[in-house]
Amino acid sequence: AQSVAQPEDQVNVAEGNPLTVKCTYSVSGNPYLFWYVQYPNRGLQFLLKYITGDNLVKGSYGFEAEFNKSQTSFHLKKPSALVSDSALYFCAVRDMSGYSTLTFGKGTMLLVSP
Amino acid sequence: GAGVSQSPSNKVTEKGKDVELRCDPISGHTALYWYRQRLGQGLEFLIYFQGNSAPDKSGLPSDRFSAERTGESVSTLTIQRTQQEDSAVYLCASSLGLDYTGELFFGEGSRLTVL
Chain A
1 AQSVAQPEDQ
11 VNVAEGNPLT
21 VKCTYSVSGN
31 PYLFWYVQYP
41 NRGLQFLLKY
51 ITGDNLVKGS
61 YGFEAEFNKS
71 QTSFHLKKPS
81 ALVSDSALYF
91 CAVRDMSGYS
101 TLTFGKGTML
111 LVSP
Chain B
1 GAGVSQSPSN
11 KVTEKGKDVE
21 LRCDPISGHT
31 ALYWYRQRLG
41 QGLEFLIYFQ
51 GNSAPDKSGL
61 PSDRFSAERT
71 GESVSTLTIQ
81 RTQQEDSAVY
91 LCASSLGLDY
101 TGELFFGEGS
111 RLTVL
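So the sequences go chain by chain: A and B. Take the first sequence: its position 27, counting from 1, is numbered 27 in my numbering, and each next residue is one higher. Take the second sequence: its position 1, counting from 1, is numbered 1 in my numbering, and each next residue is one higher.
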């Protein structure tokens, strides 16, 4: 079985400061990893994904994520937060070794204060 | 269409009634997913359709839940004899199903409230 843990329900950061949203995963094979963002009353929007190659993945809106196989982590980062980044962020995993659906974490609310 | 379309966007119903939620995926996407999002509980996988293959129903929480899809087009999620715990946002997503590296494209969801 595959699973995702997002240990923080909420992350608070001041505008202009760097932000990190944590994610760890568990799969039986190698992972495909994703980050999605959800703005209020909206569906989920894709931010970035790790499939293979460089461990540092760059995505939309200046976000990036670092894949760490030994720690089974895929933390989302941004060097300088914006108030408009405030939203609900979901990490997701899919097992690369065979057919499987995308499993999501519970989500982390990011609040960026002015 | 340009994106995944879901209807209704909001549905209020009484306990015990049946409801149908509709999803129109992106044209050409062979894979279609239904997820449920309950407050504070993240996204819960319900069911997955891929082309003409048998659907993966492993996430359906009870036999009150069912879903159909006609070919590679519209899907309907049906909840019979609704209960208050069914209140949630039901999200539909589609993707190029044979490409497991690809992202899912989500609709804006159908918010179901069971009184």
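Heads up, the beta-carbon is just placed ideally off N, CA and C, and yes, glycines get one too.
Cβ atoms of residue j and residue i: under 8 Å apart, would you say?
i              : j               : result
D95 of chain A : G29 of chain A  : yes
A93 of chain B : V19 of chain B  : no
L47 of chain A : S60 of chain A  : yes
A92 of chain A : V4 of chain A   : yes
S26 of chain A : Q6 of chain A   : no
G43 of chain A : L115 of chain B : no
G53 of chain A : K78 of chain A  : no
A88 of chain B : R22 of chain B  : no
F45 of chain B : G59 of chain B  : yes
N12 of chain A : L111 of chain A : yes
K11 of chain B : L112 of chain B : yes
W34 of chain B : I47 of chain B  : yes
Verify the CB distance criterion: does residue i have a CB-CB separation below 8 Å to chain B?
i              : result
Y32 of chain A : yes
K77 of chain A : no
F90 of chain A : yes
Any heavy atom of the ligand ZN inside 7 Å of the beta-carbon of residue i?
i               : result
T113 of chain B : Of ligands this structure carries none, so the ligand ZN is not represented either.
Taking Cβ-Cβ distances shorter than 8 Å, what residues in chain A pair up with residue i?
i               : result
E108 of chain B : N41, R42, G43
Could you tell me which chain B residues have their CB closer than 8 Å to the CB of residue i, listed as they occur along the chain?
i               : result
G59 of chain A  : Result: empty, since nearest Cβ-Cβ is about 10 Å, beyond 8 Å.
K106 of chain A : G40, Q41, G42
Along the chain, where does the beta strand (DSSP E) containing residue i start, and where does it finish?
i               : result
C92 of chain B  : 88-95
R111 of chain B : 110-114
A31 of chain B  : 31-37
Y50 of chain A  : 44-50
F65 of chain B  : 65-69
Q6 of chain B   : 5-7
A92 of chain A  : 87-95
P32 of chain A  : The sequence given here places Tyr at residue 32 of chain A; Pro does not occur at that position. Note, Y32 of chain A: beta strand (DSSP E), 31-38.
R22 of chain B  : 19-24
Y25 of chain A  : 24-26
Mind listing the chain B neighbours of residue i? Cutoff is C-beta to C-beta under 9 Å, in chain order.
i               : result
T103 of chain A : L43, F45
Taking 8 Å as the CB-CB limit, is residue i close to chain A?
i              : result
E20 of chain B : no
D56 of chain B : yes
Would you mind telling me which residues of chain A sit closer than 9 Å to residue i, beta carbon to beta carbon, in chain order?
i               : result
T128 of chain B : Coverage of chain B is limited to positions 1 through 115, which leaves residue 128 of chain B absent and any answer about it impossible.
For residue i, return the contacting residues in chain B, with the cut-off set at a CB-CB distance below 7 Å.
i              : result
F46 of chain A : E103
query: At a Cβ cut of 7 Å, what residues of the stretch 75-99 of chain B count as close to chain A, listed as they run along the chain?
result: L91
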